[in-house]
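**Student:**
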Amino acid sequence: MRIIILADPLDNQRAGIHYYTRSLVKELGKIDKQGAYYIIRRKKDDLFPPERQIIIRNFHFPGYAALRMFCIIPWKIRRLKADMVVEPAHFGPFNLPKKIKRLTVIHDLTPVLFPEFHPFHSQLLQRIFLKSILKRASLIITNSKNTRKDVIDYLDSAVNKTLNIYLGKDQAIRKTEQLPDPAFDLKESNYFLFTGTIEPRKNLSCLLEAFALYKERTGLKQQLVIAGQKGWKSKSFYRHLAKHPYRQDIILTGFIDRAQMPALYSHASAFVFPSKYEGFGLPVVEAMSCGTPCLLSSTSSLPEVGGDAALYFNPESPKELADAMAEISSDEKLRTELSDKAIKQAEKFSWEEHALKFDKEIKNLLIS
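Okay, here's the thing in structure tokens:
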């Protein structure tokens, strides 16, 4: 039995799909006693047994990326005599013989559900390829019940081969007394925190408006920390930020190393996640793991992940979010209650459990 994982996100991404692929590969490496799993990637490290890392480098000249994806990788997979190929980034695999089974992981369907949130080339590629990818897949794994529903609504014939397996939590991200990096100049336990890429789906304009309403209403010296790298279609966010009446109280950290995240989460008065759509919402689990009270958008998968351990608001209403921010700031009992619930809710998510279920579904499919 030979299962190939297309693990390029380990080397060409830094956000959610990178973290997902890294967590999955690491856990599968622990439970794979028979040496069934191999990974294809661009460079080697010590994450996975070196003898089962297949390196296919990427060269930066026109057309090579497509040649690598559509020709070189499929050729290598055939040479390896694979029984199944796993695509964690939900775009492929391509050009394989029918006898090789395919598993595609779908994290969300935003490029087709909300094309306005994405660059044109991303929308176009999904419109061209996604339905055929889903039709050819032997198994489709989603990260939430909401994403599973979206997949089936998009392609009803996928109903019997689509299942959700919840993602896990990073054991290294937990409540800590260590203070955030002094370079951020934060007032301890006196800031709201958002983490994620700055891009339209994250709905940060709503957060900026809500923060202004909150400051006008309360007059408190609360800060807003936006931790994440600049993404696509973010010009309107930066224009809004530049004109914000409380710009001096808004801190942009840029990309944050994961080692710094526990302190940043643990000392926030609340974690705020105003997204218009999330396939799962890994930052929510990270915040809950640190016992941080959470204010979450009431859409998509977020109520599923947050359970009763969060306050929810309409992401189209800055006023509702401002109300929630004011409530959490003024009610210490509520903060304590949500903090305790958050830690318990986070315990429901495990990368080990994710990998065990993932492995079981693959093995069941291959021996059926």
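For reference, each letter of the sequence shown is one residue, going 427 to 794 in the numbering used here.
All C-beta atoms, glycine included, are put in the ideal place defined by N, C-alpha and C.
Can you find the residues in the same chain that come closer than 8 angstroms, C-beta to C-beta, to residue 695, ignoring five residues on each side of it along the sequence?
**Tutor:** Here residue 695 refers to the residue found at position 269 when the sequence shown is read from its first residue. Counting only Cβ-Cβ distances below 8 angstroms, and skipping sequence neighbours, we find 615, 616, 617, 618, 648, 719, 754, 755 and 761.
**Student:** Cα-Cα, which of 711, 693, 657 and 697 is closest to residue 680?
**Tutor:** Here residue 680 refers to the residue found at position 254 when the sequence shown is read from its first residue. Residue 680 has its Cα closest to that of 657, out of 711, 693, 657 and 697.
**Student:** What did DSSP end up calling residue 594 once you bin it into helix, strand or coil?
**Tutor:** Stepping through the sequence shown from its first residue, residue 594 is reached at position 168. Residue state, collapsed to three classes: coil.
**Student:** According to DSSP, what are the bridge partners of residue 431?
**Tutor:** Taking the first residue of the sequence shown as position 1, residue 431 is located at position 5. The partner list for residue 431 (beta bridge, DSSP) reads 465 and 512.
**Student:** With distances taken Cα to Cα, identify the nearest neighbour of residue 728 among 573, 634 and 544.
**Tutor:** Taking the sequence shown and counting its residues from 1, the one referred to as residue 728 is at position 302. It is 573 whose Cα lies nearest to the Cα of residue 728.
**Student:** Leaving out five residues before and five after residue 726 in sequence, what residues of the same chain have Cβ atoms less than 7 angstroms from its Cβ?
**Tutor:** Counting from 1 along the sequence shown, the entry for residue 726 is found at position 300. 572, 703 and 704, listed in sequence order.
**Student:** Tell me, to the nearest whole angstrom, how far the beta carbon of residue 581 is from that of residue 511; I am working on the premise that it is less than 8 angstroms.
**Tutor:** Numbered from 1 along the sequence shown, position 155 holds the residue referred to as residue 581. Numbered from 1 along the sequence shown, position 85 holds the residue referred to as residue 511. Going by Cβ atoms, the distance from residue 581 to residue 511 rounds to 20 angstroms, so no, they are not a contact pair.
**Student:** By how many angstroms is the C-alpha of residue 570 removed from the C-alpha of residue 730?
**Tutor:** Residue mapping note: residue 730 aligns to position 304 of the sequence shown, counting from 1. Residue mapping note: residue 570 aligns to position 144 of the sequence shown, counting from 1. Going from the Cα of residue 730 to the Cα of residue 570 covers about 8 angstroms.
**Student:** Does the distance from the CB of residue 671 to the CB of residue 638 come in under 7 angstroms?
**Tutor:** Here residue 671 refers to the residue found at position 245 when the sequence shown is read from its first residue. Here residue 638 refers to the residue found at position 212 when the sequence shown is read from its first residue. In contact: residue 671 and residue 638 (Cβ atoms closer than 7 angstroms).
**Student:** Taking 7 angstroms as the threshold (C-beta atoms), are residue 538 and residue 514 in contact?
**Tutor:** Looking up residue 514 in the sequence shown gives position 88. Looking up residue 538 in the sequence shown gives position 112. The answer is no: Cβ separation not under 7 angstroms.
**Student:** Report the start-end ranges of each alpha helix (DSSP H) in the stretch 588-637 that is 4 residues or longer and not cut off at the edges.
**Tutor:** DSSP runs (the alpha helix (DSSP H)) wholly in the stretch 588-637: none.
**Student:** Given a cut-off of 7 angstroms, decide if residue 468 and residue 437 are closer than it, judged by their beta-carbon atoms.
**Tutor:** Here residue 437 refers to the residue found at position 11 when the sequence shown is read from its first residue. Here residue 468 refers to the residue found at position 42 when the sequence shown is read from its first residue. Result yes, Cβ atoms of residue 437 and residue 468 sit closer than 7 angstroms.
**Student:** Inspect the CB distances between the stretch 732-739 and the stretch 761-777 and report whether three or more fall short of 8 angstroms.
**Tutor:** Cβ pair count under 8 angstroms is three or more, so yes.
**Student:** On a CA-only basis, which of 623, 667, 604 and 552 is nearest residue 536? Give me that one, please.
**Tutor:** Against the sequence shown, residue 536 aligns to sequence position 110. Per the Cα distances, 552.
**Student:** Which one of 449, 558, 523 and 665 has the shortest CA to CA distance from residue 474?
**Tutor:** Counting from one through the sequence shown, the residue named residue 474 turns up at place 48. It is 449.
**Student:** From 651, 687 and 534, pick the residue whose C-alpha is nearest to that of residue 627; which is it?
**Tutor:** Stepping through the sequence shown from its first residue, residue 627 is reached at position 201. When each option's Cα is compared against that of residue 627, the closest is 534.
**Student:** Using 8 angstroms as the Cβ pair cut-off and three pairs as the minimum, do the stretch 486-493 and the stretch 502-511 touch?
**Tutor:** As far as the Cβ criterion goes, the stretch 486-493 does not touch the stretch 502-511, which means the pair count is below three.
**Student:** When the Cα atoms are used, what is the spatial distance from residue 557 to residue 472?
**Tutor:** Counting from 1 along the sequence shown, the entry for residue 557 is found at position 131. Counting from 1 along the sequence shown, the entry for residue 472 is found at position 46. In a straight line, the C-alpha of residue 557 is about 36 angstroms away from that of residue 472.
**Student:** Taking C-alpha atoms, which residue in 429, 622, 699 and 635 lies nearest to residue 669?
**Tutor:** Here the question's residue 669 lines up with position 243 in the sequence shown. Of 429, 622, 699 and 635, the residue nearest in Cα terms is 635.
**Student:** Unbroken alpha helix (DSSP H) runs of length 4 or more, entirely within the stretch 645-688: which are they?
**Tutor:** Listed in chain order, they are 661-668.
**Student:** What are the start and end residues of the beta strand (DSSP E) that includes residue 528?
**Tutor:** If you number the sequence shown from 1, residue 528 lands on position 102. Element bounds for residue 528: 527-532.
**Student:** I need the straight-line Cα distance from residue 547 to residue 440, nearest angstrom please.
**Tutor:** By one-based count along the sequence shown, residue 547 stands at place 121. By one-based count along the sequence shown, residue 440 stands at place 14. So the alpha carbons of these two residues sit roughly 20 angstroms apart.
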